[in-house]
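K.L.:
One structure, pasted below without further comment.
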Amino acid sequence: MAKEESLDPKWSPEVERQYAYLTRGCAEIIGGDQLKRKLAKSIESGKPLRAKLGVDPTAHDLHLGFTLPLSRLRAFSDLGHTAVMIVGDATAMVGDPTGKNKARPQLTREMVDDFAKSYLDQTATVLDMDKVEVRRNSDWLHGLGFTGLIGLAAKATVAQILARDDFSKRYAGGEPIHLHEMIYPLMQAYDSVVVEADVEIGGHDQLFNLLLGRDLQREAGQEEQACLLTPLLVGLDGSKKMSKSFHNYIGVSEPANEMFGKVMSIPDDLMEDYFTHLTSMDLDEVAALFVGDVNPRELKDKLGQAIVTRFWDATQAADASETFRRVISEKQDPDDMPDLLLEGKLEGGSIGLINLIVLAGFAASNGEARRLIKQGGVRIDGVAITDERSRISPQNGQVLKVGKRKYARFVCG
RNA sequence: GGGGAGAUGCCGGAGUGGUCAAACGGGGCGGACUGUAAAUCCGUUGGCUAUGCCUUCGAAGGUUCGAGUCCUUCUCUCCCCA
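Counting from 318, one number per residue, gives the positions in the first sequence under my numbering.
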């Protein structure tokens, strides 16, 4: 990469500025030199570049990992280029095989439409949707027909597709690979041809897919797209990539307190990564944070507030920080907690503790409630109760605490 | 079309007739500790009207006093040959 750039040092400062802005935090850049050339041309002609990001609507929640490519797309629109967001409603029904060790369940039309809507809503937390060109790839993919599909399929070889890490692993591991999954990369690569993308943005695991876009564009007589690969954000567990299926994610629309708390739970080593990729802080500034003696707790608090501010606002961020300190660090009760209506639930003014916990929704079964009690995780007004057979006579306003974070206030009659 | 292997709890993966609600690991949960919902350590992890009972090891039948473990059929997957 460095070599490629040094070949042509004549780029104007404006090209370099835009390039740096657009590629901030990228894990890999394919065709970086091409991108600079495109930028130079665009600046000269006043014609904006077309930056493509494809998103398959396959679930309701958008998590912070998705915001990395979204932020790159945002960078393009910030600079006056055209952000093209492709809602992969056709590809979603096939299912991206990337990183999967098994085929995804087939989604129905209704599910995809539903997901697409909530995706776009959540995307608005990062992008200014008025500036985004939204396209659905069913518009062209569904009209391809069998002949068109054959034509597409002729563009790649089985060996090429199988060379992908995820496929080869599945193949080697004796996992099923369906034909339609092999078509997937072609479908999304074809999108690039249709929207005439100058740049495509994607997660690092999408490398193969995006490269195929370049191939198809070349064959179609278009200039190849540059590819900006964002790193895969590591999830809360500190090892696997953030993903819904690993339960290690923070959703973009989670409540401020929840979001803040989850940030506080990341391993310390992850902080720099999160500062880099989830805030817009200057990279030098980020690096400076980690120089010398730093209190990880303070730093993580700062990180949490920065992230909550981005998705909510500064006031909520400050509140979340404060609440966390009081409730978690100092083990005080939070200000607001759900009421637990006990009217009609009591017998002779009392109730079994186990029933109470299940009633509050803090345990899925009596057995779980019993376990929680025995393990000392149940408190009423701060007093631990460890006898599973206890009967409680709840008083209005008393606080039931289960585990570290589950609270309810009794409301009697 | 032929031959072989396999399907176990949230996940991975042991288990080959009773002592199996099922080893072990991961994850989850609880506790202690702490600078945090980090790290570490300890405990726990099917359900119930609970020293017993019920449901669970791809599905349905069967053998047996007794089956995750044996038999039959079925469903699904993988591999090899054609």
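From the three backbone atoms N, C-alpha and C, an ideal C-beta is built for every residue, glycine too.
What is the DSSP secondary structure of S667, counted as helix, strand or coil?
P.N.:
Looking up residue 667 in the first sequence gives position 350. Strand at S667.
K.L.:
L370 bridges to which residues according to DSSP?
P.N.:
Residue numbering aside, residue 370 sits at position 53 when the first sequence is read from its first letter. Looking at the DSSP assignment, L370 forms a beta bridge with M402, I518.
K.L.:
What does a CB cutoff of less than 8 Å around S329 pick up in its chain, not counting 5 residues either side in sequence?
P.N.:
On the first sequence, position 12 is the one that residue 329 refers to. Closer than 8 Å at the Cβ level, and outside the excluded window around S329, lie A357, I360.
K.L.:
Would DSSP call T547 helix, strand or coil?
P.N.:
Locating residue 547 in the first sequence gives position 230, where the first residue counts as 1. It is a strand residue.
K.L.:
Per DSSP, which residues does G568 bridge with? Please list them.
P.N.:
Residue numbering aside, residue 568 sits at position 251 when the first sequence is read from its first letter. Its beta-bridge partners are H380.
K.L.:
Mapping the DSSP letters down to three states, classify D445 as helix, strand or coil.
P.N.:
Here residue 445 corresponds to residue number 128 of the first sequence, with the count starting at 1. Reduced to three states, the DSSP call for D445 is coil.
K.L.:
Using three-state DSSP, classify R452 as helix, strand or coil.
P.N.:
In the first sequence, the residue the question calls residue 452 occupies position 135. Strand at R452.
K.L.:
Sort M559, T442, G699, L659 by Cα distance to W629 and report the nearest one.
P.N.:
By one-based count along the first sequence, residue 629 stands at place 312. Nearest option by C-alpha distance: T442.
K.L.:
If you draw a straight line from the alpha carbon of E322 to that of R481, how long is it in whole angstroms?
P.N.:
Taking the first residue of the first sequence as 1, we reach residue 322 at position 5. Taking the first residue of the first sequence as 1, we reach residue 481 at position 164. Confidence at E322 is low in this model, with a pLDDT of 47, below 50, so its placement is unreliable and the value that follows should be read with caution. Taking the straight line joining both Cα atoms gives about 28 Å.
K.L.:
Note down, one range per segment and in chain order, each alpha helix (DSSP H) of at least 4 residues found wholly within the stretch 609-673.
P.N.:
You should have 613-628, 631-641.
K.L.:
Between which residues of its own chain and M318 is the CB-CB distance below 7 Å, once the five residues before and five after are set aside?
P.N.:
Here residue 318 refers to the residue found at position 1 of the first sequence. Because M318 carries a pLDDT of 43, less than 50, the predicted location of this residue cannot be relied on, and no value is offered for it.
K.L.:
Which residues in the same chain as Q731 place their Cβ atom closer than 8 Å to its Cβ, once the five residues preceding and following it in sequence are excluded?
P.N.:
The chain is shown only over 318 to 730; residue 731 falls outside these bounds and no answer can be derived.
K.L.:
Would you report the Cα separation of C544 and L595, rounded to the nearest angstrom?
P.N.:
Here the question's residue 544 lines up with position 227 in the first sequence. Here the question's residue 595 lines up with position 278 in the first sequence. Near 20 Å, if we compare the C-alpha coordinates of L595 and C544.
K.L.:
So L379 and G568 are supposed to be a Cβ contact under 8 Å. How far apart are they, rounded?
P.N.:
Position 62 of the first sequence, counting from 1, holds the residue named residue 379. Position 251 of the first sequence, counting from 1, holds the residue named residue 568. That belief holds up - the Cβ atoms of L379 and G568 are roughly 7 Å apart, short of 8 Å.
K.L.:
Are the beta-carbon atoms belonging to R354 and V401 less than 8 Å from one another?
P.N.:
Position 37 of the first sequence, counted from the start, is the residue given in the question as residue 354. Position 84 of the first sequence, counted from the start, is the residue given in the question as residue 401. No, these two residues do not count as a Cβ contact at 8 Å.
K.L.:
Report the start-end ranges of each beta strand (DSSP E) in the stretch 328-375 that is 3 residues or longer and not cut off at the edges.
P.N.:
DSSP runs (the beta strand (DSSP E)) wholly in the stretch 328-375: 345-347, 367-372.
K.L.:
From what residue to what residue does the alpha helix (DSSP H) around F484 run?
P.N.:
Position 167 of the first sequence, counting from 1, holds the residue named residue 484. Segment 482-489, the alpha helix (DSSP H) holding F484.
K.L.:
With the cut-off set at 8 Å, would you say N454 and D522 are in Cβ contact?
P.N.:
Your numbering for residue 454 matches position 137 in the first sequence. Your numbering for residue 522 matches position 205 in the first sequence. Contact: no.
K.L.:
Taking DSSP as the reference, what is the three-state secondary structure of R426?
P.N.:
Indexing the first sequence from 1 puts residue 426 at position 109. Three-state result, R426: helix.
K.L.:
Between I445 and the rest of its own chain, which residues show a CB-CB distance below 8 Å, the 5 nearest in sequence each way excluded?
P.N.:
The residue labelled residue 445 in the question sits at position 128 within the first sequence. In the sequence as displayed, the identity of residue 445 is Asp instead of Ile. Contacts found: R391, S394.
K.L.:
Sort out for me which residues DSSP pairs F727 with in a bridge.
P.N.:
Translated into the one-based positions of the first sequence, residue 727 becomes position 410. F727 pairs with L657.
K.L.:
Just the C-alpha distance for L550 and G666, rounded to the nearest angstrom, thanks.
P.N.:
Counting from 1 along the first sequence, the entry for residue 550 is found at position 233. Counting from 1 along the first sequence, the entry for residue 666 is found at position 349. L550 and G666: Cα-Cα distance of roughly 52 Å.
K.L.:
When the Cα atoms are used, what is the spatial distance from L437 to A409?
P.N.:
As a first step, residue 437 must be located in the first sequence, where it is residue number 120. As a first step, residue 409 must be located in the first sequence, where it is residue number 92. Rounded to whole angstroms, L437 to A409 spans 15 Å at the Cα level.
K.L.:
Mind reading off the beta-carbon distance from F679 to V719? Whole number of angstroms is fine, and I expect it under 8 Å.
P.N.:
Position 362 of the first sequence holds residue 679. Position 402 of the first sequence holds residue 719. Right, their Cβ atoms sit about 4 Å apart.
K.L.:
For D586, which residues from the same chain have a beta carbon less than 8 Å from its beta carbon, with the 5 sequence-adjacent residues on both sides left out?
P.N.:
Along the first sequence, read from residue 1 onward, the residue named residue 586 stands at position 269. Cβ within range, chain order: G555.
K.L.:
Just to confirm the assignment, what range does the alpha helix (DSSP H) spanning R736 have?
P.N.:
Given that the chain is displayed from residue 318 to residue 730, the structure contains no residue 736 and the question cannot be resolved.
K.L.:
Output needed for T399: all residues of its chain with C-beta closer than 8 Å, excluding positions within five of it in sequence on either side, in chain order.
P.N.:
As a working mapping, residue 399 is identified with position 82 in the first sequence. Result list for T399: P365, L366, R367, A368, F393, E450, in chain order.
K.L.:
For N574, count neighbouring C-beta atoms within 10 Å of its own C-beta (all shown protein chains included) and say buried if the count is 16 or more, exposed if not.
P.N.:
As a position in the first sequence, residue 574 is number 257, starting the count at 1. N574 should be labelled buried.
K.L.:
When the Cα of H459 is compared with those of I478, D610, Y566, R426, which residue comes out closest?
P.N.:
Position 142 of the first sequence, counted from the first residue, corresponds to residue 459. Comparing Cα-Cα distances from H459 to each of I478, D610, Y566, R426, the minimum goes to R426.
K.L.:
In whole angstroms, what separates the C-alpha of K557 from that of W457?
P.N.:
Here the question's residue 557 lines up with position 240 in the first sequence. Here the question's residue 457 lines up with position 140 in the first sequence. Cα-Cα distance, rounded: 35 Å.
K.L.:
Measuring straight from C-alpha to C-alpha, what distance separates Y724 and K472?
P.N.:
Counting from one through the first sequence, the residue named residue 724 turns up at place 407. Counting from one through the first sequence, the residue named residue 472 turns up at place 155. In a straight line, the C-alpha of Y724 is about 58 Å away from that of K472.
K.L.:
Going straight from the alpha carbon of K691 to that of K486, what length do you get?
P.N.:
Locating residue 691 in the first sequence gives position 374, where the first residue counts as 1. Locating residue 486 in the first sequence gives position 169, where the first residue counts as 1. So the two alpha carbons sit approximately 45 Å from each other.
K.L.:
Which class does I733 belong to by DSSP, given the choice of helix, strand or coil?
P.N.:
Absent from the structure is residue 733, since the part of the chain shown begins at 318 and ends at 730.
K.L.:
Given a threshold of 16 other Cβ atoms within 10 Å of its Cβ, counted over all protein chains shown, does L607 qualify as buried or as exposed?
P.N.:
In the first sequence, counting from the first residue as 1, residue 607 sits at position 290. Here residue 607 turns out to be Phe, not Leu, going by the sequence shown. F607 should be labelled exposed.
K.L.:
According to DSSP, is K472 helix, strand or coil?
P.N.:
Indexing the first sequence from 1 puts residue 472 at position 155. Of the three classes helix, strand and coil, the one that applies to K472 here is coil, per DSSP.
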